[in-house]
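First up is the structure itself, then whatever we jot down about it.
Residue numbers (the numbering used here): 23 to 495.
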């Protein structure tokens, strides 16, 4: 279903008047823009056959920014009016001071469209979604009598943005998003274990509601729960680890990706600062951040400053070749913006952020990689993790992992955590599979209190020398 286009200059503001206010606010600045947004979203969550949450929210507003050197003045409002814009311009103007800056050139234009013009919040009736969630609950229970709890949710949103720059450039984009999550709990002999999965992307809600989409999700959630029912405590110690393809790329995202964002490197707080052009990973390791993949969660026609998204090579054959940049940090570092200037909403200032970050496939057979593992673990699912950007040290919890001895995949293990640091892990990569996969569309990334949707991916990898935290004696 299409929708009425967000055009604040037809409904709230006079375009010429807004441009004049923006130009006064950024006179003598190095950069700046007016970012306007209208968004709406819906979430429905069913737990054990009952609707536990049903939310619908909508908001609109603007953010006005003026940048001078390393300082940015930013003001935002939920009132889109000339009076509010004038008040915001006075606040943003404080960063410019006496001026003296040279306005950065505008971003290049793009005619690319990475997603359709649908509104996922309106393409399926509320009652249809409720009926589907009930059907998911019943279907899961019918597949396994040990099911004691089913939780299923659907979410849809549409973010519409309009960017006005001081030279008069106007850009508009409508960004759809749909999401489904399913989790189950099984009980056997007094023991309970859970399994969950999900998926989504920048498309309509209707595509997720088809049986050939949600039934495999239910089966996958049940499979993981069954695996966990038979899991034994994880071992502890330094050992080789094989990571499965797809979602395990979240480790790459956290342990390496954040350290390659421009602001951390400009401020010299990243573990990868000053290493441009140097070998920081094993040969064969090529890592990209690519915001141009159609329909993916992290993809953008252009970023939240108006720079077209790009396929940016960060590491090529083990050599550090690039950082992810927004306009401010790129200008201060003397490089070009890369389309990674992102913000959670109009109420937030943009900063360098990842889009879809993944490692390219290698030439190794995935089964052969696992068979070459003499004593270690095979991790195929991950939960939460923590990373220290300054030194790259990370701790990740595994949601699905197996013990491997002499190349044979053995018992499932629970309670395993992977501990290491990004720089060492990159150099410890010993095999790269030919099975690159992207995650199913479930990633969110937090930075400085802002959350944005992202994608991750990787092939099967073998990494040596990771510390596995576990509870087995």
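Every residue, glycine too, gets a C-beta built ideally from N, C-alpha and C.
As the structure is a prediction and not an experimental result, all values here were calculated from the model.
Three-state secondary structure (DSSP) of residue 452: strand
Residues that residue 349 bridges to, as DSSP identifies them: Note: residue 349 sits in no beta bridge, so no partner.
Beta-carbon proximity check, residue 317 vs residue 224, cutoff 7 Å: yes
Nearest residue (CA-CA) to residue 82, options 29, 40, 220, 72: 29
Backbone secondary structure at residue 495 - three-state DSSP: Confidence is the limiting factor: at residue 495 the pLDDT is only 49, short of 50, which leaves the residue's position unreliable, though a coordinate-based value still follows. Looking at residue 495 - three-state DSSP - the assignment turns out to be coil, as it is neither helix nor strand.
CA-to-CA distance, residue 227 to residue 347, given in whole angstroms: 32 Å
Member of 119, 464, 399 whose CA lies at the smallest distance from the CA of residue 95: 119
Span separating the alpha-carbon of residue 477 from that of residue 319: 6 Å
Backbone CA spacing between residue 27 and residue 268 [nearest angstrom]: 35 Å
Helix, strand or coil at residue 48 [DSSP, three-state]: helix
Residue 336 vs residue 382 beta-carbon contact at 7 Å: no
Helix, strand or coil at residue 23 according to DSSP, with G and I counted as helix: Low local confidence applies: a pLDDT of 47 at residue 23 is under 50, so the model's placement there is unreliable, and no value is given.
Closest by C-alpha distance to residue 322, when choosing among 90, 298, 362, 73: 362
Three-state class that DSSP yields for residue 164 in the structure shown: helix
Own chain partners of residue 485 with C-beta closer than 6 Å, once the 5 adjacent residues on each side are dropped: 263, 447, 450, 451
Member of 399, 260, 364 whose CA lies at the smallest distance from the CA of residue 489: 260
Chain-order list of residues whose beta-carbon lies under 7 Å from that of residue 43 (same chain, five-residue window excluded): 107, 108, 111
Contact check, residue 50 vs residue 131, beta carbons under 7 Å: no
Alpha carbon of residue 138 to alpha carbon of residue 392, nearest angstrom: 40 Å
Own chain, CB closer than 7 Å to residue 461, minus 5 neighbours either side, in chain order: 268, 269, 271, 477, 478, 479
Minimum C-alpha distance to residue 90 - residue among 265, 431, 400, 47: 47
Limits of the unbroken alpha helix (DSSP H) element including residue 246: 233-251
Beta-carbon separation (whole angstroms), residue 491 vs residue 258, contact threshold 8 Å: 6 Å
Range of the contiguous beta strand (DSSP E) that encloses residue 475: 472-480
Cβ contact check for the region 170-177 and the region 205-220: 3 or more pairs under 8 Å: yes
Close Cβ partners of residue 24 (< 6 Å) along its chain, the five nearest in sequence each way excluded: With a pLDDT of 49 at residue 24, under the threshold of 50, the predicted position of this residue should be treated as unreliable, and no value is reported.
For residue 184, the first and last residue of its enclosing beta strand (DSSP E): 169-186
Per-residue DSSP class, three states only, for residue 148: helix
Residue of 439, 39, 156 minimising C-alpha distance to residue 72: 156
Spatial distance of residue 161 from residue 455 (CA atoms): 35 Å
Span of the alpha helix (DSSP H), counted from its first residue to its last, around residue 285: 284-288
Sequence-distant residues of the same chain with beta carbon closer than 6 Å to residue 93, five excluded per side: 117
Distance, residue 251 Cα to residue 378 Cα: 33 Å
DSSP state of residue 84 mapped onto helix, strand, coil: strand
Where residue 427 falls: helix, strand or coil (DSSP): strand
Strand pairing of residue 484, partner residues [DSSP]: 264, 453
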